[in-house]
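Working notes for the structure below.
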Amino acid sequence: MATIGGQLISIEGIDGAGKTKQTELLAEKLRQDGAKVITTFEPGGGDDGVLLRQLLASNGAQKQRGDWGPETEALLFTAARRHHLDTCILPAMRQGKVVITDRFADSTRVYQGFGNPRLQLKINQLHELMIGIEPDWTFIIDIPAQLAVSRVTERSGGDARLEAFGEQLEELRQDFITLGRRHEERCRIVDGNRPVNVIANEIFEIVRG
Ligand code: TMP
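For the sequence shown, our numbering gives the first residue as 601, with consecutive numbering after it.
Written out as structure tokens, the structure is:
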């Protein structure tokens, strides 16, 4: 796996899709295969990133939608991403590591740009200006919205943020699928409604090439 150094892989999908588990399993498999790997996440990865996560959690997207407008959220998530890039992702990539991040820019495109093509355009422009890189691979873990809700409810006994998305969750899912199809050069849509190891093997085989 020596040839895989310096890659960025993002794992995306609606809440409850199983991204975090797949991030861990992919890291484990790549390490077993000899790669140097770090895992990270958004929002909140990187030095002091937890402060940014708390900020976002206290007012905006993490709690209930509506407290901050989507433009403000898009700016804040992009600011947090720039910090994540500078303090975590780029240093690791320069050392030849594979960086697997649980969410990246596609989350902003989908969650903040949701149903708003003009804002989607601005989000993409902001991304080009301030972030400037796309993952080598993006895996969109796809599950039906209803399954996502029942998984998250089981895990946490209820989730205000998820409930606030309500019926929009299925539309967010569809937005992820649309985005994945539009960017076939880097995106793979993975059926998340299967045993975790089956999903993990599929992702690993794609990355290994
Ligand atoms: P997570 O713990 O599942 O990663 O939750 C993060 C939440 O933040 C999730 O509801 C999606 C949201 N989010 C955005 O709205 N925009 C973003 O750019 C990112 C990274 C996350």
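Glycine included, every Cβ here is placed at the ideal spot set by N, Cα and C.
A quick note: this is a predicted structure, and the numbers were derived from the prediction, not measured.
Within 7 Å of the C-beta of Ser610 there is not a single heavy atom belonging to the ligand TMP.
Look at Glu767 here: in three-state DSSP terms it is coil, with no helix or strand label.
The criterion of a C-beta distance shorter than 8 Å is not satisfied by Asp775 and Thr738.
Taking Arg681 as reference, the option from Glu642, Gln712, Pro670, Ile789 with the minimal CA-CA separation is Glu642. At a cut-off of 7 Å, the beta-carbon of Asp615 counts as near the ligand TMP: some heavy atom of the ligand is closer than that.
For Thr640 against Thr701, the beta-carbon gap comes to about 5 Å, under 8 Å, which counts as contact.
The three-state secondary structure of Asp633, taken from DSSP, is coil. With contacts defined as CB atoms closer than 8 Å, Ile741 and Gln622 qualify as a contacting pair. Contact between Glu771 and Arg703 does not hold, since their C-beta atoms are separated by about 18 Å, which reaches or exceeds 8 Å. In this structure, the beta-carbon distance from Thr708 to Ala674 falls below 8 Å.
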